[in-house]
Amino acid sequence: MTADHVLRALAAVSAERAEGAVLSVRGLTVRFRLRGGRTVDAVSDADFDLGAGECLALVGESGCGKSVLASALLGLLPGNAETSGTALLAGPEGGAGTDLLAADEKTLARTVRGRRVGLVPQSPAAHLTPVRTVRSHLEETVRALTGTSRRARREAAETAAERAAFPAGHLDRHPHELSGGLAQRAATALALIGDARLLLADEPTTGLDRDLVDRTVDELRRHADEGRALLLITHDLAAAARIADRVAVMYAGRIVEVAPAHRFFGPTGPRHPYARGLLDALPDRAFTPIPGMPPELSDLPEGCAFAPRCPRATVRCGTRPAPTAGVACHHPEQPRA
Amino acid sequence: MLELDSVTAGYERRAPVFHGASLTVAPGESVGLLGPSGCGKSTLARVAALLHRPDAGRLVLDGTEVRAWRHRAPRAQRTAVGVVFQQPRTAADPRLTLTELIAEPLRATGRRAEAADRVAALAPAVGLTPDLLGRRPHEVSDGQLQRACLARALTLRPRWLICDEMTAMLDASTTAALVAAVETYRAETGAGLLAVGHDRVLLNRWCDRTVDWKDCLTAAP
Numbered sequence: 001m002t003a004d005h006v007l008r009a010l011a012a013v014s015a016e017r018a019e020g021a022v023l024s025v026r027g028l029t030v031r032f033r034l035r036g037g038r039t040v041d042a043v044s045d046a047d048f049d050l051g052a053g054e055c056l057a058l059v060g061e062s063g064c065g066k067s068v069l070a071s072a073l074l075g076l077l078p079g080n081a082e083t084s085g086t087a088l089l090a091g092p093e094g095g096a097g098t099d100l101l102a103a104d105e106k107t108l109a110r111t112v113r114g115r116r117v118g119l120v121p122q123s124p125a126a127h128l129t130p131v132r133t134v135r136s137h138l139e140e141t142v143r144a145l146t147g148t149s150r151r152a153r154r155e156a157a158e159t160a161a162e163r164a165a166f167p168a169g170h171l172d173r174h175p176h177e178l179s180g181g182l183a184q185r186a187a188t189a190l191a192l193i194g195d196a197r198l199l200l201a202d203e204p205t206t207g208l209d210r211d212l213v214d215r216t217v218d219e220l221r222r223h224a225d226e227g228r229a230l231l232l233i234t235h236d237l238a239a240a241a242r243i244a245d246r247v248a249v250m251y252a253g254r255i256v257e258v259a260p261a262h263r264f265f266g267p268t269g270p271r272h273p274y275a276r277g278l279l280d281a282l283p284d285r286a287f288t289p290i291p292g293m294p295p296e297l298s299d300l301p302e303g304c305a306f307a308p309r310c311p312r313a314t315v316r317c318g319t320r321p322a323p324t325a326g327v328a329c330h331h332p333e334q335p336r337a
Numbered sequence: 001m002l003e004l005d006s007v008t009a010g011y012e013r014r015a016p017v018f019h020g021a022s023l024t025v026a027p028g029e030s031v032g033l034l035g036p037s038g039c040g041k042s043t044l045a046r047v048a049a050l051l052h053r054p055d056a057g058r059l060v061l062d063g064t065e066v067r068a069w070r071h072r073a074p075r076a077q078r079t080a081v082g083v084v085f086q087q088p089r090t091a092a093d094p095r096l097t098l099t100e101l102i103a104e105p106l107r108a109t110g111r112r113a114e115a116a117d118r119v120a121a122l123a124p125a126v127g128l129t130p131d132l133l134g135r136r137p138h139e140v141s142d143g144q145l146q147r148a149c150l151a152r153a154l155t156l157r158p159r160w161l162i163c164d165e166m167t168a169m170l171d172a173s174t175t176a177a178l179v180a181a182v183e184t185y186r187a188e189t190g191a192g193l194l195a196v197g198h199d200r201v202l203l204n205r206w207c208d209r210t211v212d213w214k215d216c217l218t219a220a221p
């Protein structure tokens, strides 16, 4: 067995330990086949676990594959995508789990989306139907997901709105009459109706101002604290720092570091040079960009994809580093004292 | 100087977005304008960029009052101001390659001959590599497209730059890279900057001074 296999086996053991994981992702890989025989490696070999009541923030630059990963978990990839690996979603009350990557469309549509996995979308304005009121959205979702009788539906919709802190007085408004923050809450209310144990929030704070970002992520955190697992996909490091328990950093389709949030954002800091670079780019830190740009996902280098931009790169970086203790790097930084 | 004096502007005469906003940017100065979503700061940015005619108030650019508005100001004044918007996708013609996008202001002002040299100088300044320049907007990421939009704003060597939430869609590293590109250009040319946004930490770090939207309104005489 190669070292790679050994580490995989170890990871599998740690997965066994991660009992109670709501979502267990192993070796998740997504490729897009393009015309002319080109392939885009959008996600390569992603491994992570997500437990109940836990928030994992997946951070990285735009175009690094974060949203493709979310789409893969919901079975919403376009036809030219090829996926491999497993994404085991724990079954309801100890029942059999479902591999989200292997499940057919019927299973996903009837039992998974909205019921076991809730999606908080990137752009609520585009997610909501412009010609219908928030109440109508909620009642339709209640009917589709819970089969509540017509008479009880109105009350159920109001309860759902209340759960996402959406003000009852605004229920009869159309999406364009809502502020960005209220539209986000309406979309969150829809995601919560099916009482899914796993919430996927894909860039839920894009374009919101800081106060609204804080309020939106605090609400998501509250839903996690009620026992849901929350996967927060974001490029907003401040939002991740505010609510995440763990941080996974993605670069060029690979998860290069997974670390507890307190260590990642605290004085110890991350160990992968890319993760350090991202943090140092923040305006309240060094405010210096990482030199260069990320590689094309259709033309990834053989070795470490970050090596061309990395200050610590050496000859060894011509081979791809295997993830060890949560970091995929030949020259991880030592903890800052 | 870029002076906005008691400007009232909006999209319906009877219901302007804001009343009596005043703001001054000195030559070479960078000013950050902070305000919450929906307060009207983007409309103010459009007025300052000479793209939107105010309903009332004066706008003075380098000592000359902006007059003869049609929907926007006369070209001779407008070309002294470069502008970068929040959403690169809606600010870029999807039919143009990035090279054409960056050269567009030269083409539009009848100076096409200078385009090749200008694009060659601007692309590295904003961090665009040659292989990206031949692509169209759908073939590049948001960050790469925003780099091209910044290059386009700098094409005519403006004396003033207006950045309206330029980095709201971008990750930390791209944000720092674009801000560095703006500051390099300003150091070389002495251009003034009005950066509009809601990120206090960013604007405090970036600009010489920041102004809160409400102070901008109460400062009106």
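Residue numbers (our numbering), protein chains in the order written: chain A, 1 to 337; chain B, 1 to 221.
Virtual Cβ for every residue (Gly too), placed ideally from N, Cα, C.
B:T79 to A:H176 span [Cα, whole Å]: 34 Å
Segments of 3+ residues assigned as beta strand (DSSP E) that fall wholly inside the stretch 72-136 of chain B: 81-84
Reference B:L156; option with closest CA among B:T167, B:V201, B:Q77, B:V179: B:Q77
Residues that A:G277 contacts on chain B, provided the C-beta gap is smaller than 7 Å: S173
Counterpart residues of B:V140 in DSSP-defined beta bridges: In DSSP, B:V140 forms no bridge with anything.
Where A:R185 sits in the DSSP three-state scheme: helix
Residues of the stretch 197-211 of chain A whose Cβ lies closer than 9 Å to any Cβ of chain B, in chain order: T206, G207, L208, D209, R210, D211
Limits of the unbroken beta strand (DSSP E) element including A:I243: Careful: A:I243 lies outside any beta strand (DSSP E), inside the alpha helix (DSSP H) at 237-243.
Through-space distance from B:L2 to A:V40, alpha-carbon basis: 47 Å
Cβ-Cβ distance between A:P273 and A:E333 below 8 Å: yes
Helix, strand or coil at A:A305 [DSSP, three-state]: coil
Euclidean distance between Cα positions of A:T188 and A:A52: 18 Å
Interface positions of the stretch 226-258 of chain A facing chain B (Cβ-Cβ less than 9 Å), listed along the chain: H235, D236, L237, A238
Bridge-paired residues (DSSP) for A:G51: A:A21
Contacts that B:H198 makes with chain A (C-beta to C-beta distance below 8 Å): D209, R210
Beta carbon proximity, A:L282 to chain B, threshold 8 Å: yes
Option in B:A49, B:L150, B:A172 with minimal Cα separation from B:P88: B:L150
Residue-level contact to chain B via CB, A:S179, 8 Å cutoff: yes
Selected residue, minimal CA-CA separation from B:L203, among B:L4, B:A26, B:G35, B:A21: B:G35
C-beta atoms of B:R98 and B:L132 nearer than 8 Å: At residue 98 of chain B the sequence reads Leu, which differs from the Arg that was named. Their beta carbons are under 8 Å apart, which means B:L98 touches B:L132 by this criterion.
Closest by C-alpha distance to B:L128, when choosing among B:A177, B:M169, B:C163: B:A177
Contact belief for A:C64 with A:M250 at Cβ below 8 Å, rounded distance in angstroms: 5 Å
Near-chain B residues of the stretch 62-85 of chain A - C-beta to any C-beta below 9 Å: S62, G63, C64
A:Y274 (DSSP reduced to helix, strand or coil): helix
Boundaries of the beta strand (DSSP E) in which B:R228 is found, first to last residue: With chain B running from 1 to 221 in the structure shown, residue 228 of chain B is simply not present.
Which listed residue (A:R197, A:Q184, A:A81, A:D99) has its alpha carbon closest to that of A:L88: A:D99
B:M169 at chain A interface by Cβ criterion, 8 Å: yes
Cβ separation of A:L192 and A:G118, assumed to be a contact under 8 Å, to the nearest whole Å: 6 Å
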